[in-house]
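Peer 1: So that we are looking at the same thing, I have put the structure below in structure tokens.
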Amino acid sequence: HRDLKPANILLDKKGQPYVADFGLAKRESEVQTIHKEGSILGTPAYMAPEQAEGRAHTADRRADIYSLGVILYEILTGKRPFQDCNLQTLLVRIVSEPAPSPRTLEKSIPKDLETICLKCLEKQPSKRFESAQELADEIHRFLRGEPIVSRPISEMERVYRWCQRNPTAATLFMAVLVTGLLGGVVSGTFSYLTKQRMLAEAQERENEMARREAELAMQRAEAAKLRVQQESPGWSSAQIHPESFNHMEESDAVNAALDQFQQSTGPNRGPSGKYDVKELTKAVLGARSKNGTGRQTEMLNKLEGDLNFLNQTLGGRR
């Protein structure tokens, strides 16, 4: 028909509609018409985008679907999708702008009916209903309360169409988005590296403290051993008094424990990485219990005090 509009739809007394004025109509089987490319045929407010672009010779039944969509839109909202006094502006809007959602003008319009209406008003003929019969079937499904076949435009499709209509703005938006993403990546990477560096520095400080405490422990162990040897020469001298023979076993145990403790506080103190003064304490207590008087007892008491200090110092690092 190519010129469907309210003025060309007549109703009888029973409300049955009849289409009139077939002056611009063409048969579907016609390959060519008398209209040339660039001709704008039809009523501007109701014509399809392909007609508004001057491609009336390519318009088919789907152009009529668009016109029916405009009529349905007007029935639902009381307004046409595009209304401009200036003909040129009106044609540009029909070609380039999406039809406003009917529900933005009238909230009571059912969503399914809005979906049907907007499908009729698609810019591309291939996205409209293929025929008036297909449109009628969809409306009948809606009236019967059945699920409709048509689906509303997805958000992704809506964004894609906006980008097509506004290529400059879309390019600018993408540039800002990419810049923001790159800035976020750089900032995140810098923050991560800074955190890792701080953790490494903290670990290094902790290792240095452990090393110093180990050195201190080694020094005190060496001092304790020297004190044993200096204050009890009979324990380390070849000329031992006869009364000292009873204490050789205990002194050897103390010296052996001191050697073991020195090794345990060094850099190669084993896989456990822990300081162990239990054996040294045990040896000292055993020696003192069997040598209860004299300088050796005094020396062992001092050594026990050193061990208590070491236990307190090293215990916090375990």
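When we follow this note's numbering, the leftmost residue of the sequence shown carries the number 189, and every step to the right adds one.
Backbone N, C-alpha and C fix where the C-beta goes; we use that ideal spot for every residue, glycine too.
This one's a predicted model, so the numbers in the text were calculated from it and none came from an experiment.
Our contact map puts Leu323 next to Cys308 with C-beta atoms below 8 Å; I'd like the distance itself, whole angstroms only.
Peer 2: The Cβ separation is near 7 Å, so the contact holds.
Peer 1: Please determine, among Glu285, Ser284, Val283, Glu302, the residue with the shortest C-alpha to C-alpha distance to Thr569.
Peer 2: This structure leaves residue 569 out entirely; the chain is present only between 189 and 506.
Peer 1: Can you find the residues in the same chain that come closer than 7 Å, C-beta to C-beta, to Ile297, ignoring five residues on each side of it along the sequence?
Peer 2: Only Leu264, Pro290, Arg291 meet the Cβ criterion.
Peer 1: Out of Leu279, Asp252, Tyr261, state which residue places its alpha-carbon closest to the alpha-carbon of Glu318.
Peer 2: The shortest C-alpha separation from Glu318 is found at Asp252.
Peer 1: By Cβ distance below 6 Å, which residues in the same chain neighbour Ala233 in space, the five residues on each side in sequence not counted?
Peer 2: Cβ within range, chain order: Arg268.
Peer 1: Could you check where the alpha helix (DSSP H) with Val280 kicks off and where it finishes?
Peer 2: Its alpha helix (DSSP H) spans residues 275-284.
Peer 1: Round the Cβ separation of Pro237 and Val283 to the nearest angstrom and send it over; I've been treating them as touching at under 8 Å.
Peer 2: Right, the Cβ-Cβ distance comes to about 5 Å (below 8 Å), so this counts as a contact.
Peer 1: Between the Cα of Pro288 and the Cα atoms of Leu275, Tyr261, Ile327, which residue gives the shortest distance?
Peer 2: Looking at the Cα atoms, Tyr261 is the closest of the given residues.
Peer 1: Below 8 Å between beta carbons: does that hold for Ala244 and Leu229?
Peer 2: Against a cut-off of 8 Å, the Cβ pair of Leu229 and Ala244 comes out as a contact.
Peer 1: Identify the continuous alpha helix (DSSP H) that holds Pro237 and give its terminal residues.
Peer 2: Looking at the DSSP string, the run of the alpha helix (DSSP H) that includes Pro237 is 237-240.
Peer 1: With the cut-off set at 8 Å, would you say Thr231 and Asp272 are in Cβ contact?
Peer 2: Not closer than 8 Å, so no.
Peer 1: Gly461 to Gln391, Cα distance in whole Å?
Peer 2: Residue placement at Gly461 cannot be trusted, given a pLDDT of 43 that sits under 50; the coordinates are not used to answer.
Peer 1: Pull up the distance between the alpha-carbon of Pro194 and that of Phe210, whole angstroms please.
Peer 2: One C-alpha to the other measures close to 14 Å.
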